[in-house]
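Just so we're aligned, residue 2 is where the sequence shown starts under the numbering used here, counting upward by one.
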Amino acid sequence: MNSQSQQQQQGKQKNREEEEEENHLLHSECESIPLSSPHVLPSNWEHADKEEEEEEKDSVYAAKDKVQIFDLESSGAAGSTAVPPFSWRKLWLFTGPGLLMSVAFLDPGNLEGDLQAGAIAGYSLLWLLMWSTIMGLVIQLLSARLGVATGRHLAELCREEYSNWARLVLWILAEMALIAADIQEVIGSAIAFKILSHGLIPIWAGVVITATDCFFFLFLENYGVRKLEGVFAVFIGTMGLSFAWMFFDTNPSEEELMMGLLIPRLSSKTLRQAVEIVGCVITPHNVFLHSALVQSRDIDIRNKGQVQEALNYYSIESSVALLVTLLINLSVITVFARVFYGTEQANGIGLVNAGQYLEERYGGGLFPILYIWGIGLLAAGQSSTITGTYAGQFITEGFLKLNIKKWLRALITRSCAIVPTMICAIVFNTSESSLDTLNEWLNVVQAIQIPFALIPLLTLVSKEEVMGTFRIGPIVEKVAWSVA
Numbered sequence: 002m003n004s005q006s007q008q009q010q011q012g013k014q015k016n017r018e019e020e021e022e023e024n025h026l027l028h029s030e031c032e033s034i035p036l037s038s039p040h041v042l043p044s045n046w047e048h049a050d051k052e053e054e055e056e057e058k059d060s061v062y063a064a065k066d067k068v069q070i071f072d073l074e075s076s077g078a079a080g081s082t083a084v085p086p087f088s089w090r091k092l093w094l095f096t097g098p099g100l101l102m103s104v105a106f107l108d109p110g111n112l113e114g115d116l117q118a119g120a121i122a123g124y125s126l127l128w129l130l131m132w133s134t135i136m137g138l139v140i141q142l143l144s145a146r147l148g149v150a151t152g153r154h155l156a157e158l159c160r161e162e163y164s165n166w167a168r169l170v171l172w173i174l175a176e177m178a179l180i181a182a183d184i185q186e187v188i189g190s191a192i193a194f195k196i197l198s199h200g201l202i203p204i205w206a207g208v209v210i211t212a213t214d215c216f217f218f219l220f221l222e223n224y225g226v227r228k229l230e231g232v233f234a235v236f237i238g239t240m241g242l243s244f245a246w247m248f249f250d251t252n253p254s255e256e257e258l259m260m261g262l263l264i265p266r267l268s269s270k271t272l273r274q275a276v277e278i279v280g281c282v283i284t285p286h287n288v289f290l291h292s293a294l295v296q297s298r299d300i301d302i303r304n305k306g307q308v309q310e311a312l313n314y315y316s317i318e319s320s321v322a323l324l325v326t327l328l329i330n331l332s333v334i335t336v337f338a339r340v341f342y343g344t345e346q347a348n349g350i351g352l353v354n355a356g357q358y359l360e361e362r363y364g365g366g367l368f369p370i371l372y373i374w375g376i377g378l379l380a381a382g383q384s385s386t387i388t389g390t391y392a393g394q395f396i397t398e399g400f401l402k403l404n405i406k407k408w409l410r411a412l413i414t415r416s417c418a419i420v421p422t423m424i425c426a427i428v429f430n431t432s433e434s435s436l437d438t439l440n441e442w443l444n445v446v447q448a449i450q451i452p453f454a455l456i457p458l459l460t461l462v463s464k465e466e467v468m469g470t471f472r473i474g475p476i477v478e479k480v481a482w483s484v485a
């Protein structure tokens, strides 16, 4: 037994010596191979791998959740600037973030501003709506540029680039603007429920329903980003059909519509409505949102060709999405300008009673205009509430770097906004005029908050240290600052 044990130990020792000798020879051979050899990994390979792991951990979208874009490798290797020719199929794959972003241009706050502008100012502020939408497009394209080129969204970069007190102030202001928008969105949905239920569902109950069903729609993201984007396409399509029906049903003046678009007019009596239009078209939380949404596509930010290609497609889809929102907002303004401008009801019209006034003017018809208004308002409220929750997640996580589960993030951000919304719903439930006045002033509050989102954005996209070769040029920078 002892002799067998000694033989086994000697065998193991011999094997270890042979393995050490092989490893030594292999190490010597590797040292003799030049670093330029394609078979040898660079010395910082492990470091780069760790960086990729950290980026994956910090990314707002996990790799498995991102939409894969076919044939992106044709853009070339890392550092390449080659951009492949245009592809309709790729445009379809990149389409989605612009849809979610465009919802902020159609939320109940916008509808409130539209109907007030139409009823009080007639067609005179259509030019301002058009130019505000164009300015909004410029801002959103810069937001998308920041997200694609850096792989970080605006809130994250604010945390990294600014001091503690500065980012705390920016976070508080962003949250205030978001809460103001969220109050409008949730109450807008609640009003729609009240209209469609003939008053059986009170405002406060509609708030509870909206706060609850928001989580259901967010749950769809578990089945893929494209499923959620499809839901938003349905919402926007519903709004488009509803308000287009109203537009053709009321038959507004084409001549006055064109004059309103082409001839700038502004008076002291319509100044508040003008501020409302700007405040509800360019929303602070949407700037943070879009820079995060564009990261839902799988793009190698080290590949300049891929980044430029993504920016091209995002520019197209965002432009088309905002063109649709412009047409919808124009429809709402012209309908209320045609029906209520210069009448006694003009100063007292709002989201709550707009459908009733329209029905009094145009009757029931094949499909009562009251329900058309309610359906459009419900689609606007539901879709904007979901994007508001998304924006709240990105803002809170980006500024505070909260690494928590998605459902918990959604619960926290939803709770921060739903409490003041419920208070407003209970306080103003029996006063339609007070509720409409609240919505108007919330638009003004958001307009005041706009610079605190735009200044960090424009500062960051102008810095070569942040954007690299994708920093904006001096002409674009001047245009962007003039817009801000």
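Where a beta carbon is used, it is the ideal one built from N, C-alpha and C, also for glycine.
Just so you know, these numbers come straight off a predicted model, no measurement behind them.
Fill in: 7 angstroms CB neighbourhood of TRP46 in its chain, flanking five on each side removed
Since pLDDT at TRP46 reaches only 37, below the 50 mark, its modelled position is unreliable, and the value read off the structure follows with that caveat. Once the five neighbours on either side are set aside, TRP46 has no close Cβ partner at all.
Worksheet item: Between SER319 and ALA122, is the Cβ-Cβ spacing less than 8 angstroms?
Response: Taking a C-beta distance under 8 angstroms as the contact criterion, SER319 and ALA122 do not qualify as a contact pair.
Fill in: Outcome for VAL170 when other beta-carbon atoms lying within 10 angstroms are tallied against a minimum of 16
Classified as exposed, VAL170 has fewer than 16 neighbouring CB atoms from the shown chains inside 10 Å of its CB.
Worksheet item: From what residue to what residue does the alpha helix (DSSP H) around GLN274 run?
Response: First-last of the alpha helix (DSSP H) with GLN274: 272 to 282.
Worksheet entry | Residue of MET240, MET102, ASN313, ALA212 minimising C-alpha distance to PRO85 | Of the residues MET240, MET102, ASN313, ALA212, the one whose Cα lies closest to the Cα of PRO85 is ASN313.
Fill in: Stretch-stretch touch, CB-based, cutoff 8 angstroms, three pairs: the region 443 to 450 with the region 267 to 285
The way I'd put it, the region 443 to 450 does touch the region 267 to 285; three or more beta-carbon pairs between them come closer than 8 angstroms.
Fill in: Segment contact, 8 angstroms Cβ cut-off, at least three pairs: the region 330 to 344 with the region 98 to 105
No, the region 330 to 344 does not touch the region 98 to 105.
Discussion item. Between the alpha carbons of ILE278 and TRP482, how many angstroms are there, rounded?
Written reply: As the crow flies, the alpha-carbon of ILE278 is around 20 angstroms from that of TRP482.
Worksheet item: What did DSSP end up calling ARG153 once you bin it into helix, strand or coil?
Response: Three-state result, ARG153: coil.
Discussion item. Under 8 angstroms, with one C-beta from each stretch per pair, do the region 248 to 268 and the region 109 to 128 reach the 3-pair mark?
Written reply: Touching, yes, given that three or more Cβ pairs across the two stretches are closer than 8 angstroms.
Worksheet item: To the nearest angstrom, how far is it from the Cα of ASN440 to the Cα of GLN185?
Response: Rounded to whole angstroms, ASN440 to GLN185 spans 6 angstroms at the Cα level.
Worksheet item: For VAL226, does the three-state DSSP call read helix, strand or coil?
Response: When DSSP states are grouped into helix, strand and coil, VAL226 belongs to the helix group.
Discussion item. For VAL462 and VAL308, what's the separation of their Cα atoms in angstroms?
Written reply: Here the alpha carbons of VAL308 and VAL462 stand approximately 15 angstroms from one another.
Worksheet entry | CB of ARG303 within 8 angstroms of CB of VAL68, strictly | Their beta carbons are not under 8 angstroms apart, which means ARG303 does not touch VAL68 by this criterion.
Item to complete: Leaving aside the five residues before and after ILE202 along the sequence, list all residues of the same chain whose C-beta is less than 7 angstroms from its C-beta, in chain order.
Response: Beyond the five residues adjoining it in sequence on each side, ILE202 comes within less than 7 angstroms, by CB distance, of PHE194, LYS195 in the same chain, given in chain order.
Item to complete: Please work out which residues of its chain come closer than 8 angstroms, Cβ to Cβ, to SER243, disregarding the five sequence neighbours upstream and downstream, and give them in chain order.
Response: These residues qualify, in order along the chain: ILE373, TRP374, ILE376, GLY377, ALA380.
Worksheet item: Alpha carbon to alpha carbon, how far is TRP132 from VAL295?
Response: VAL295 has its alpha-carbon roughly 24 angstroms from the corresponding atom of TRP132.
Worksheet item: Can at least three beta-carbon pairs, one atom from the region 452 to 460 and one from the region 136 to 144, be found at a separation below 8 angstroms?
Response: Under the Cβ criterion (8 angstroms, minimum of three pairs), the region 452 to 460 counts as touching the region 136 to 144.
Worksheet item: Once you ignore the five residues that flank TRP93 on each side, which residues in its own chain have a CB closer than 8 angstroms to its CB?
Response: Same-chain partners within the cutoff: there are none.
Discussion item. Measuring only the C-alpha atoms, how far is ILE350 from VAL235?
Written reply: Rounded to whole angstroms, ILE350 to VAL235 spans 28 angstroms at the Cα level.
Worksheet item: Rounded to a whole number of angstroms, what is the C-alpha to C-alpha distance between PHE471 and TYR391?
Response: Taking the straight line from one Cα to the other gives about 26 angstroms.
Worksheet item: Quick one: what does DSSP say VAL68 is sitting in, helix, strand or coil?
Response: Secondary structure at VAL68: strand, using DSSP grouped into helix, strand and coil.
Worksheet item: Going by DSSP, which residues form a beta bridge with ARG298?
Response: Its beta-bridge partners are VAL68.
Item to complete: Evaluate GLN5 with the Cβ neighbour count: other Cβ atoms within 10 Å of its Cβ, from every protein chain shown; 16 or more gives buried, anything less gives exposed.
Response: Note on GLN5: pLDDT 49, under 50, position unreliable in the model; no value is reported.
Worksheet item: Would VAL208 pass as a contact of VAL226 if the rule is Cβ separation under 8 angstroms?
Response: The Cβ-Cβ distance between VAL208 and VAL226 does not fall below 8 angstroms.
Discussion item. Quick test of your reading: ASP183 and ILE370, contact by CB under 8 angstroms. State the CB separation rounded to the nearest angstrom.
Written reply: So it is not a contact: roughly 28 angstroms between Cβ atoms.
Worksheet entry | Alpha-carbon to alpha-carbon, ALA175 and ASN165 | Cα to Cα, ASN165 sits roughly 15 angstroms from ALA175.
Practice prompt. Label GLY469 either buried or exposed according to how many other C-beta atoms from any shown protein chain fall within 10 Å of its C-beta, with 16 as the threshold for buried.
Written response: GLY469 should be labelled exposed.
Practice prompt. Assign GLY399 to one of two classes, buried (16 or more other C-beta atoms within 10 Å of its C-beta) or exposed (fewer than that).
Written response: GLY399 is buried by the Cβ-count criterion.
Worksheet item: Excluding sequence positions up to five away, which residues of its chain have a Cβ less than 7 angstroms from the Cβ of PHE233?
Response: Result list for PHE233: LEU100, LEU101, VAL104, SER384, in chain order.
Worksheet item: Are LEU401 and PRO109 close, meaning C-beta to C-beta below 8 angstroms?
Response: No; because the gap between Cβ atoms is not below 8 angstroms, this pair is not in contact.
Practice prompt. State the Cα-Cα distance for the pair THR438 and GLU466, rounded to the nearest angstrom.
Written response: Each residue's Cα considered, the two are about 45 angstroms apart.
Fill in: Residue span of the alpha helix (DSSP H) that contains ARG111, given as start and end
As written in the sequence, residue 111 is Asn, which differs from the Arg given in the question. Counted as a single uninterrupted DSSP element, the alpha helix (DSSP H) harbouring ASN111 occupies residues 109 to 122.
Worksheet item: In chain order, what residues of the same chain lie with their CB nearer than 6 angstroms to the CB of GLN117, ignoring the 5 residues before and after it?
Response: Excluding positions up to five away in sequence, the list reads GLN274.
Worksheet item: Cα separation between GLU161 and GLY241?
Response: Using only the alpha carbons, I get a separation of about 40 angstroms.
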